[in-house]
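Chemist:
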Amino acid sequence: MGFRLSKTILKEIHYQMASSRLLDERLIQIFKKRGGYFWVGAPGEEAFGVPLGKLVKKGQGLEYDWLHLHYRCTGTLLAMGLKTKDALRQMMSRKTDPFTGGRNFIHHYVIPEWNISPISSVIEIQHNIALGTAHAQKNTKGISIVTGGDAGTALADFATSLIWSSKPSKPLPLLIIVLNNKFGISTSFDGQHSEKHITDRGKAFGIKTYNVNGNDVEESYYTLQESIEYVRKNRKPALLEAEVSRMYGHSSSSGANYDESQVCPLKTFEQQLIKEKILTQKEIEKIHQDIFEQLKKEELEVSGESEPDESIWSHIYANNEESNWRNF
Amino acid sequence: MANMAQAIRMALHHGEKHQNLQNIFGEDVGPPLGGVFTVTQGLKTAWNTPLDERGIIGTAIGLSLTGSRCVAEVQFSDYIFNSIDLIKQAGMMCWLSQGRYTLPMVLMTPVGGGVHGSIYHSHSFDSWATRFPGWKVVMPSTPLKAYGLMISAISDPNPVLYLIPKALLRQKGEEKIPGEPQDEGELKSMIDAPLQNRENWKPKWPDLQEYKIEIGKAQVVEAGSDLTLVSYGRTLHLCREVTKKLKKENISIELIDMLSLYPYDWALIKKSIQKTKKIVFVNEDTEVTNFGEHLAYRTSKECFYDLFAPPKVIAGKNIPGVGLHPHFEENTLPSFKRIEEEVRQLLQAQP
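Chain order of the listed sequences is A and B.
Add 3 to a position in the first sequence, counting from 1, and you land on the number used in the numbering used here.
Add 373 to a position in the second sequence, counting from 1, and you land on the number used in the numbering used here.
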């Protein structure tokens, strides 16, 4: 069966998926050689993450989409225009990290110019915060999108997002996305949850739901397109569950080693691209090699950049108002 | 004179009318009730939320990320503890984003005892509140101060925890709110919702004027020379009564109302210590790792050679809650008697 997407878009998606994977693999290597303190990322979520980044209405302000992402957002951000070098800067805690200036872990982005809400390590709190941006967007064309994992849906914050967004008096333009990789660190989803699909919980609130194979690029792309348009047009919530893989475990804390048992969405997509004669094996190898060389060069450059030297007291209050009690 | 509930309500109306305040929300905050303490009655932008503190605080963070000014309420601080991580997150946004995201939000919540509120309507939150860097923390003690602090809080580009001493909400002030009508009954008829048939009721707001109390500044309530008493909120009034009583005995107490817990007005406190040489910090939160201990530590560290005696902290006893029976409350929270005794004892100290 052939593709529905154009060759140009397929090639773009492939390039961004490969960039996402190779970036995360480079980041893992940096961690392993002690060039960074921690790694967590998105290998296995590229086939869903990249289409999401391509489909959002990117910009700043209420007319654009607000994104409340979890920390497995590499593909989404790269598709939106993230520079790999900036991710390396965050990984290596450089002064030049444009997001947090060396304060936070890799993939914990903060990008006001694209309505990217600060990404937190605290599971699922983004579901509460997304309600606020969605509320502010009620009379606009923008929507809010929140992503999280399957394990986090056990928290009350997930229920909060379902209840608040579907309030009869004030429904919210909120797309709630669950990336279900079937694990919370080492604990399997199936051992803790009895619901067949997480989306079943949305049905109880009359929320439009979608289930998708998040390892399939086109299925992800078109389902995301439909769900985003549903929320944008109807100013109501939707709940989308994507089943995805986890190619390198939870994070560096669990070793970050390649998991052969998982379906690799990048390899799957590349096989399809070759079969449909969109790209050849040789072209794919060249793409990988070029990205690899670029990342290698960027890592070297970033390693020579300065470490943070800013006062720890900077920016605690707006306009750098004094916050150090010793100076009150 | 307006009471504190009316004063906060008028400040919120001022916020709606003049400060681009776009959302006031929380459980029972909107019509028909307008808040369990009537603080939000008749406000144009007030709306009800589900019974969900995490949703309330998260929504406030999200709204303010977009630049929309809001005031959110958690009905009692006793129920705020399930949201500590969100409060931490709010205080982190500006710092984490290197100043690119700021949160112009106010989170208000009634605190403390004094109303026979039993275990889960008497908790204090002031010491907890001062452990959230990135937030400003204020607590008024009179209606006028409540009005001035709320207007400042709404204007502030940072998240502000506005702690309401619930026992003072019905207490009338000694000073008028700028724009408040002369007649108390007139104010009530204008802005208090009727008990019955309030569906079509709309308030008639007085022509309120801006009045700000700068966050970070304390006020000397009573100048004195023999000892300094520093407090805020409900216990400020107990300290005031003690001050009045001792004045009749020609004992001169300097009484300071902190108003802002963070940032706090150390310059004013330090100046007073250097004058009186003796200081007592009074609040009703539990005594272990109490905010007053930080102030006492700083007093010892910076004013050691000015002091005639060690600084004192009078606070709530370190027990799980404030029991319902008056016997429990009186023996748990700082009382007039206890403050008087401690002050008299300190007055006896010789250098």
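Glycine included, each C-beta is placed from N, C-alpha and C at the ideal position.
The structure displayed is predicted, hence computed values, not measured ones.
Just tell me which of B:667, B:648, B:647 has its CA closest to the CA of residue 656 of chain B.
Modeler: Among B:667, B:648, B:647, the Cα nearest to that of residue 656 of chain B is on B:667.
Chemist: Quick check for students: name the residue ranges of the beta strand (DSSP E) that lie wholly in the stretch 130 to 158 of chain A, counting only runs of 3 or more.
Modeler: List check, beta strand (DSSP E) in window: 147 to 152.
Chemist: So, residue 645 of chain B versus residue 625 of chain B, is the Cβ gap smaller than 8 Å?
Modeler: Taking 8 Å as the Cβ cut-off, residue 645 of chain B and residue 625 of chain B do not qualify as a contacting pair.
Chemist: Consult DSSP for residue 263 of chain A and reduce its assignment to one of helix, strand or coil.
Modeler: In this structure, residue 263 of chain A counts as coil in the three-state DSSP scheme.
Chemist: Checking contacts by CB at 8 Å: is residue 481 of chain B closer than that to chain A?
Modeler: By this cut-off, residue 481 of chain B is not an interface position.
Chemist: Apart from the five residues just before and just after residue 612 of chain B, which ones in its own chain have a Cβ nearer than 7 Å to its Cβ?
Modeler: Cβ within range, chain order: 602, 604, 628, 655, 712.
Chemist: Does any residue of chain A bring its CB to less than 8 Å from the CB of residue 471 of chain B?
Modeler: Yes - at least one Cβ of chain A is within 8 Å of the one on residue 471 of chain B.
Chemist: Suppose contacts are defined by Cβ-Cβ distances below 8 Å. Is residue 516 of chain B in contact with residue 550 of chain B by that definition?
Modeler: Yes, these two residues count as a Cβ contact at 8 Å.
Chemist: Give me the chain B residues within the contact set of residue 115 of chain A, using Cβ-Cβ distance strictly less than 9 Å, ordered along the chain.
Modeler: Per Cβ cutoff of 9 Å: 438, 470, 473, 474.
Chemist: Comparing alpha-carbon positions, which option in A:137, A:253, A:117 lies nearest residue 184 of chain A?
Modeler: Closest by alpha carbon: A:253.
Chemist: Report, in whole angstroms, the separation of the C-beta atoms of residue 434 of chain B and residue 525 of chain B, which I expect to be a contact under 8 Å.
Modeler: Rounded, the Cβ-Cβ distance is 20 Å, inconsistent with contact.
Chemist: Please confirm if residue 326 of chain A has its CB atom under 8 Å from at least one CB of chain B.
Modeler: Residue 326 of chain A counts as touching chain B.
Chemist: List the whole-angstrom C-beta distance separating residue 123 of chain A from residue 69 of chain A, where the pair is believed to meet the contact cut-off of C-beta under 8 Å.
Modeler: Actually they are not in contact, since the Cβ atoms of residue 123 of chain A and residue 69 of chain A sit about 15 Å apart, beyond 8 Å.
Chemist: Which residue wins for smallest C-alpha separation from residue 32 of chain A, given the options A:258, A:278, A:269?
Modeler: Closest option to residue 32 of chain A, Cα to Cα, is A:258.
Chemist: Can a CB atom of chain A be found closer than 8 Å to the CB of residue 504 of chain B?
Modeler: Cβ-Cβ to chain A under 8 Å: no for residue 504 of chain B.
Chemist: Quick one: grab the DSSP three-state call for residue 511 of chain B.
Modeler: Residue 511 of chain B: strand per DSSP, three-state reduction.
Chemist: Is residue 676 of chain B close to chain A? Criterion is C-beta to C-beta, closer than 8 Å.
Modeler: It does not; no Cβ of chain A falls within 8 Å.
Chemist: Taking Cβ-Cβ distances shorter than 8 Å, what residues in chain B pair up with residue 131 of chain A?
Modeler: Result: 427, 428, 430, 431, 432, 434, 435, 459.
Chemist: Whole angstroms are fine: how far does the CA of residue 520 of chain B sit from the CA of residue 380 of chain B?
Modeler: Spanning the two alpha carbons is a distance of roughly 5 Å.
Chemist: Against chain B, with Cβ distances strictly below 8 Å, would residue 191 of chain A count as a contact?
Modeler: No, residue 191 of chain A does not count as interfacial toward chain B.
Chemist: For residue 688 of chain B and residue 717 of chain B, what's the separation of their Cα atoms in angstroms?
Modeler: Rounded to the nearest angstrom, the two C-alpha atoms are 17 Å apart.
Chemist: Taking C-beta to C-beta, are residue 151 of chain A and residue 181 of chain A nearer than 8 Å?
Modeler: Yes, these two residues count as a Cβ contact at 8 Å.
Chemist: Compare the Cα-Cα distances from residue 299 of chain A to each of A:96, A:91, A:197 and report the closest residue.
Modeler: That would be A:91, whose Cα lies nearest to the Cα of residue 299 of chain A.
Chemist: Please name the residue, chosen from B:502, B:388, B:436, that lies closest to residue 663 of chain B on a Cα-to-Cα basis.
Modeler: For the residues B:502, B:388, B:436, the minimum Cα distance to residue 663 of chain B belongs to B:502.
Chemist: According to DSSP, is residue 391 of chain B helix, strand or coil?
Modeler: Note: residue 391 of chain B maps to helix in three-state DSSP.
Chemist: Who are the near neighbours of residue 291 of chain A in its chain, counting only those whose CB is closer than 7 Å to its CB and skipping five residues on each side?
Modeler: Here the set comprises 21, 25.
Chemist: Does DSSP put residue 649 of chain B in a helix, in a strand, or in coil?
Modeler: Residue 649 of chain B: helix per DSSP, three-state reduction.
Chemist: According to DSSP, is residue 316 of chain A helix, strand or coil?
Modeler: Of the three classes helix, strand and coil, the one that applies to residue 316 of chain A here is coil, per DSSP.
Chemist: Whose Cβ in chain A lies nearer than 7 Å to the Cβ of residue 462 of chain B?
Modeler: Within 7 Å Cβ-Cβ: 123, 125, 128.
Chemist: Can you tell me where the alpha helix (DSSP H) with residue 76 of chain A in it begins and where it stops?
Modeler: That residue, residue 76 of chain A, is in no alpha helix (DSSP H); it is neither H nor E in DSSP.
Chemist: Confirm, please, whether the CB-CB distance from residue 218 of chain A to residue 268 of chain A is below 8 Å.
Modeler: A contact, by the Cβ cut-off of 8 Å.
Chemist: Between the alpha carbons of residue 102 of chain A and residue 595 of chain B, how many angstroms are there, rounded?
Modeler: Cα-Cα distance, rounded: 49 Å.
Chemist: Mind checking whether residue 529 of chain B and residue 477 of chain B have CB atoms under 8 Å apart?
Modeler: For residue 529 of chain B and residue 477 of chain B, yes; Cβs fall inside 8 Å.
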